[in-house]
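Trainee:
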Amino acid sequence: MSSSGPGVVSISPPAIRSAPRLPASDAQRTARRAARARKLGLRTLALGYLALLLGAPLVMIFYRTFEHGLAPVWNAVTAPNAVHAFWLSIEVVAISVPLNTIFGIGMALLLERGRFWGKGLLGLLIDLPFAISPVVVGLSLVLVYGKTGWLGDWLAENGIQVIFSVPGMVLATAVVSLPFVARETIPVLREIGTDAEQAAETLGASAWQTFWRVTLPAIRWGVVYGVVLTTARALGEFGAVSIVSGRIEGQTQTLPLYVQDRFENFDSTGAYTAALVLALLALGTLLAMNLLTRRTRGRMEA
Amino acid sequence: MPGVGPRSAGLIGKGLLGIYLSALVLLPIAALMSKASTGGAGSFWREITSPEALAAIKLTLAASAIVVAINAVFGTLIAWVLVRDEFPGKRAVNSVIDLPFALPTIVAGLVLLALYGKGSPVGINVTFTRVAVGLALLFVTLPFVVRSVQPVLLELDVSMEEAAASLGARPLTVIRRVVLPSLVPAIVSGIALSFARALGEFGSLVLITGNLPFKTEVGSVYIFGQIQNESLPSAAAVSVALLFVALVVLALLGVVSKRWSRHVL
Numbered sequence: 038m039s040s041s042g043p044g045v046v047s048i049s050p051p052a053i054r055s056a057p058r059l060p061a062s063d064a065q066r067t068a069r070r071a072a073r074a075r076k077l078g079l080r081t082l083a084l085g086y087l088a089l090l091l092g093a094p095l096v097m098i099f100y101r102t103f104e105h106g107l108a109p110v111w112n113a114v115t116a117p118n119a120v121h122a123f124w125l126s127i128e129v130v131a132i133s134v135p136l137n138t139i140f141g142i143g144m145a146l147l148l149e150r151g152r153f154w155g156k157g158l159l160g161l162l163i164d165l166p167f168a169i170s171p172v173v174v175g176l177s178l179v180l181v182y183g184k185t186g187w188l189g190d191w192l193a194e195n196g197i198q199v200i201f202s203v204p205g206m207v208l209a210t211a212v213v214s215l216p217f218v219a220r221e222t223i224p225v226l227r228e229i230g231t232d233a234e235q236a237a238e239t240l241g242a243s244a245w246q247t248f249w250r251v252t253l254p255a256i257r258w259g260v261v262y263g264v265v266l267t268t269a270r271a272l273g274e275f276g277a278v279s280i281v282s283g284r285i286e287g288q289t290q291t292l293p294l295y296v297q298d299r300f301e302n303f304d305s306t307g308a309y310t311a312a313l314v315l316a317l318l319a320l321g322t323l324l325a326m327n328l329l330t331r332r333t334r335g336r337m338e339a
Numbered sequence: 004m005p006g007v008g009p010r011s012a013g014l015i016g017k018g019l020l021g022i023y024l025s026a027l028v029l030l031p032i033a034a035l036m037s038k039a040s041t042g043g044a045g046s047f048w049r050e051i052t053s054p055e056a057l058a059a060i061k062l063t064l065a066a067s068a069i070v071v072a073i074n075a076v077f078g079t080l081i082a083w084v085l086v087r088d089e090f091p092g093k094r095a096v097n098s099v100i101d102l103p104f105a106l107p108t109i110v111a112g113l114v115l116l117a118l119y120g121k122g123s124p125v126g127i128n129v130t131f132t133r134v135a136v137g138l139a140l141l142f143v144t145l146p147f148v149v150r151s152v153q154p155v156l157l158e159l160d161v162s163m164e165e166a167a168a169s170l171g172a173r174p175l176t177v178i179r180r181v182v183l184p185s186l187v188p189a190i191v192s193g194i195a196l197s198f199a200r201a202l203g204e205f206g207s208l209v210l211i212t213g214n215l216p217f218k219t220e221v222g223s224v225y226i227f228g229q230i231q232n233e234s235l236p237s238a239a240a241v242s243v244a245l246l247f248v249a250l251v252v253l254a255l256l257g258v259v260s261k262r263w264s265r266h267v268l
């Protein structure tokens with residue numbers, strides 16, 4: 038944010054900086070010193086708050102994981118339930134993220150390019166998961182797909198189990214991470230406008246061709262940013278999945294649920310190791326977000 | 004797509020989207036509303052005013068309000084330092100701000116527990132207290148105010164402040180009369196998003212608060228407990244109450260920001 042981009046020319050040649058300064062009056066000097074003190078004070082306050090709330094806890098997670106040496110960590114990483122939880126998390130993410138990506142792009146196109154009755158309602162519906170507690174998401178899904186839910190009898194007759202199995206966990210994960218792709222894609226769609234799309238249509242391209250050759254390449258970084266956010270949220274979802282999964286050890290336990298299970302069974306190394314894996318994935322997400330923002334900003338400045 | 008015209012392909016797409024949204028959001032919310040209203044208004048009222056539910060709702064609202072107030076001050080301060088100050092490592096600090104969004108909530112709870120829980124290296128133990136509720140909520144909502152104020156500060160014209168200062172305004176006056184007025188909409192928007200998030204927070208609270216009824220049990224934890232006890236009507240009633248508050252806050256935000264932009268233009 039701070040460092041001037043490659044396009045910005047700095048206007049402070051050394052000649053000016055080394056020019057003889059006029060002798061400052063005492064009042065000026067005091068004012069300058071006060072300004073510097075204020076700045077330093079604010080910086081200390083802000084960084085201190087961040088260190089206590091974010092920095093120190095993050096360091097602690099490394100310490101707590103490795104405080105008993107490497108062997109327990111290795112055992113924790115290779116524990117069958119841990120491995121199962123990890124792959125189950127990956128499975129849930131691998132289904133829900135592509136679904137949300139495809140439908141997210143669809144919703145963004147519909148909201149930004151479409152003209153129809155009830156558009157405001159659709160926008161509200163997409164943002165709703167941001168306003169709902171994950172616990173409430175889980176409860177609502179149980180009320181539809183559970184044993185006593187609206188579709189419970191029909192699902193049972195057809196031998197489909199949603200709640201307490203993977204389909205329910207995918208549903209819950211998809212709901213909580215629903216808005217990201219659409220919300221990141223809409224501003225990009227608005228910015229690129231419709232000129233290129235109209236030109237393609239005039240030249241005889243089909244709607245499908247226009248989408249693949251013109252629209253998608255233009256919005257791709259917005260979509261990718263949305264996918265990164267979706268993945269992070271999907272991987273870490275706890276409350277909603279906790280309710281619909283039934284938390285059956287070695288069966289419907291994702292990695293976040295496994296963290297809780299280990300902690301409550303007084304296996305702190307197991308809990309911290311799994312948490313560290315999730316934290317490292319989160320740090321990877323942050324890194325990806327940073328690279329992507331730099332990329333899009335660079336393109337806009339160019 | 005051979006055999007399928009673009010028009011019908013578009014229709015199929017819209018139909019699939021409709022089914023997807025219905026399955027994920029529309030139907031579940033409708034089921035929630037219906038469950039909450041099965042016994043009529045009287046029973047809904049009884050569920051949300053039962054002593055334990057009421058205590059949980061009150062704690063949720065109070066904790067969210069306090070957390071949001073702290074966020075308004077420190078979020079604005081952090082945004083200010085990140086935009087106006089220069090120090091080594093600023094870029095790293097700036098990217099770490101988003102960590103609470105990326106970190107799974109259960110990990111956030113565990114991480115806070117590692118530092119401020121039993122056997123804390125700094126000798127602070129907040130587990131099973133209301134302070135823990137506030138701490139967890141502060142952690143997960145940290146980025147909202149910072150990230151909404153930061154871009155506005157970046158766009159702000161420094162020459163206005165310099166003009167005010169050269170006309171003899173003291174630094175505090177410049178902040179109060181020149182800087183803050185332009186930041187208010189961004190702060191309000193960050194506050195509203197933090198508040199909505201804090202109302203529903205669950206994952207970061209389960210480990211560190213101990214979920215003690217009448218003491219540290221917030222709304223979402225109460226709902227979770229009711230689901231475990233299979234008393235779904237009471238879980239649904241409290242859910243609808245909290246959802247209603249969140250929607251009102253977000254709707255107010257929409258009204259405020261619309262009015263403000265008209266005012267400025």
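Going down the list, the sequences are from chains F and R. Per the numbering used here, the very first residue in the first sequence carries number 38; after that it's consecutive. Per the numbering used here, the very first residue in the second sequence carries number 4; after that it's consecutive. Cβ coordinates follow ideal geometry from the N, Cα and C atoms, glycine included.
1) Can you give me the Cβ contacts of L266 (chain F) inside the same chain, cut-off strictly under 6 Å, excluding the 5 residues immediately before and after it?
2) Mind checking the region 93–105 of chain R against chain F and listing, in chain order, the residues whose C-beta falls within less than 9 Å of any C-beta there?
3) In chain R, which residues lie with their C-beta within 7 Å of the C-beta of K76 (chain F)?
4) Taking the alpha-carbon positions, what's the I223 (chain F) to I197 (chain F) distance?
5) Under 8 Å between the Cβ atoms of T144 (chain R) and A201 (chain R)?
6) Using a 10 Å radius around the Cβ and a threshold of 16 neighbouring Cβ atoms, would you call R75 (chain F) buried or exposed?
7) Does the region 231–244 of chain F come close enough to the region 116–125 of chain F to have 3 or more Cβ pairs within less than 8 Å?
8) For A145 (chain F) and A219 (chain F), which I take to be in contact (beta-carbon distance under 8 Å), what is that distance rounded to the nearest angstrom?
9) State the Cα-Cα distance for the pair I81 (chain R) and V110 (chain R), rounded to the nearest angstrom.
10) Going along the chain, which residues of the region 105–126 of chain R sit with their C-beta nearer than 7 Å to a C-beta in chain C?
11) Pick out whichever of F:A83, F:L165, F:V173, F:M206 has its Cα sitting closest to the Cα of T134 (chain F).
12) I'd like the span of the alpha helix (DSSP H) that includes G157 (chain F), first residue to last.
13) I think F147 (chain R) touches N214 (chain R), with their Cβ atoms under 8 Å apart; what is that distance to the nearest whole Å?
14) Report the rounded CA-to-CA distance for S49 (chain F) versus R227 (chain F), giving the unit in angstroms.
15) What residues of chain F sit near V259 (chain R), judged by a beta carbon separation below 9 Å?
16) Could you please tell me which residues of the region 304–323 of chain F, in chain order, have their CB closer than 8 Å to any CB of chain R?
17) Report the residue from F:E234, F:D63, F:R101, F:L323 whose alpha carbon sits nearest the alpha carbon of K121 (chain R).
18) Considering only the alpha carbon of each residue, which of R:V70, R:F90, R:L62, R:Y23 lies closest to L77 (chain F)?
19) Using 10 angstroms around the beta-carbon of K38 (chain R), count the other beta-carbons present and answer buried if the total reaches 16, otherwise exposed.
20) Do L294 (chain F) and S282 (chain F) count as a contact pair if the criterion is CB distance below 8 Å?
21) So, using beta-carbon positions, are S236 (chain R) and T41 (chain R) closer together than 8 Å?
22) Closest to L57 (chain R) by CA distance: which of R:S223, R:G257, R:S25 is it?
23) Go through the region 57–121 of chain F residue by residue and report every complete run of the alpha helix (DSSP H) that reaches 4 residues or more, in order.
24) Give me, in chain order, the residues of the same chain whose beta-carbon lies closer than 6 Å to that of I100 (chain R); leave out the 5 immediate sequence neighbours on both sides.
25) If we define contact as Cβ-Cβ less than 8 Å, is A83 (chain F) a contact residue for chain R?
26) Along the chain, where does the alpha helix (DSSP H) that runs through I51 (chain R) open and close?
27) Go through its chain and collect everything with a Cβ distance to Q288 (chain F)'s Cβ below 7 Å, but skip five positions before and after it.
28) Please look up how many angstroms separate the CB atoms of L317 (chain F) and L141 (chain R), rounded, as I've assumed it's under 8 Å.
29) To the nearest angstrom, how far is the alpha carbon of R299 (chain F) from that of S46 (chain R)?
30) Anything in the region 118–129 of chain F with a Cβ closer than 9 Å to a Cβ of chain R? List those residues in chain order, please.
Mentor: Judging by the given coordinates:
1) Take L266 (chain F), set aside five residues on each side of it, and the residues of its chain with a beta-carbon closer than 6 Å to its own are F217, in chain order.
2) Residues of the region 93–105 of chain R with a C-beta atom less than 9 Å from some C-beta of chain F are K93, R94, V96, N97, S98, V99, I100, D101, L102, P103, F104, A105, listed in chain order.
3) Those within 7 Å of K76 (chain F) in chain R are D88.
4) Cα atoms of I223 (chain F) and I197 (chain F): separation of roughly 36 Å, rounded to the nearest angstrom.
5) Going by C-beta atoms, T144 (chain R) is nearer than 8 Å to A201 (chain R).
6) R75 (chain F) counts as exposed, since fewer than 16 other C-beta atoms from the protein chains shown sit within 10 angstroms of its C-beta.
7) No, the region 231–244 of chain F does not touch the region 116–125 of chain F.
8) About 5 Å; that satisfies the 8 Å criterion.
9) Cα-Cα distance, rounded: 24 Å.
10) Protein chains F and R are contained in the structure displayed, whereas chain C is not.
11) Checking the sequence, you will find Val at residue 134 (chain F) rather than Thr. Checking every option, the nearest Cα to that of V134 (chain F) belongs to F:M206.
12) From DSSP, the alpha helix (DSSP H) with G157 (chain F) extends over 156–168.
13) About 25 Å; that fails the 8 Å criterion.
14) Low confidence applies to S49 (chain F): its pLDDT is 41, below 50, so where it sits in the model is not reliable, and the reading given next is rough at best. Rounded to the nearest angstrom, the gap between the Cα atoms of S49 (chain F) and R227 (chain F) is 38 Å.
15) In chain order: nothing, as chain F lies at least about 16 Å away.
16) Closer than 8 Å at the C-beta level to chain R, one finds these residues of the region 304–323 of chain F: A308, Y309, A312, L315, A316, A319, L320, T322, L323.
17) Of the candidates F:E234, F:D63, F:R101, F:L323, the one whose C-alpha sits nearest the C-alpha of K121 (chain R) is F:R101.
18) Nearest C-alpha to L77 (chain F): R:F90.
19) Buried, because 16 or more other Cβ atoms sit within 10 Å of the Cβ of K38 (chain R).
20) Taking 8 Å as the Cβ cut-off, S282 (chain F) and L294 (chain F) qualify as a contacting pair.
21) Reading off the sequence shown, one finds Pro at residue 236 (chain R), where the question assumed Ser. Yes, the pair counts as a contact, with Cβ atoms nearer than the cut-off.
22) Residue R:S223 is the option with its Cα nearest to L57 (chain R).
23) Entirely contained in the region 57–121 of chain F, the alpha helix (DSSP H) runs reaching 4 residues are, in chain order, 63–87, 93–103, 107–115.
24) The answer, listed in chain order, is P146, V149.
25) Yes, A83 (chain F) counts as interfacial toward chain R.
26) For I51 (chain R), the uninterrupted alpha helix (DSSP H) run begins and ends at 43–52, by DSSP.
27) Setting aside the 5 residues that flank it on each side, Q288 (chain F) has no residue in the same chain whose C-beta is closer than 7 Å to its C-beta.
28) Between L141 (chain R) and L317 (chain F) the Cβ distance is about 23 Å, and since that is not below 8 Å, they are no contact.
29) Each residue's alpha carbon lies about 39 Å from the other.
30) For the region 118–129 of chain F, which is checked against every Cβ of chain R, not one residue is closer than 9 Å.
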